[in-house]
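In my numbering, the protein residues as written are 3 to 64.
Even glycine gets a Cβ: it sits at the ideal position worked out from N, Cα and C.
Predicted, not measured: the structure shown is a model, and the values here were computed from it.
Have a look at the structure below, then the notes.
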């Protein structure tokens, strides 16, 4: 479960990062700021998933 959530977080983050290049050319600054905020939120989510994954792995090792 944690692995799948982490994979989904990575995919979503990758999509948002790829969108920045396109947005720089066509979007107003406000839209770019929204995208950056979304990337920050996704990054935090991904880090939380990775921490959960690490904790679960440590519990299994004991």
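Distance between beta carbons of residue j and residue i, contact taken as under 8 angstroms
i: residue 37; j: residue 10; result: With a Cβ gap of about 19 angstroms, residue 37 and residue 10 do not count as contacting.
i: residue 51; j: residue 7; result: 5 angstroms
Whole-angstrom distance between residue j and residue i, CA atom to CA atom
i: residue 46; j: residue 39; result: 11 angstroms
i: residue 61; j: residue 48; result: 20 angstroms
i: residue 53; j: residue 35; result: 27 angstroms
i: residue 20; j: residue 44; result: 14 angstroms
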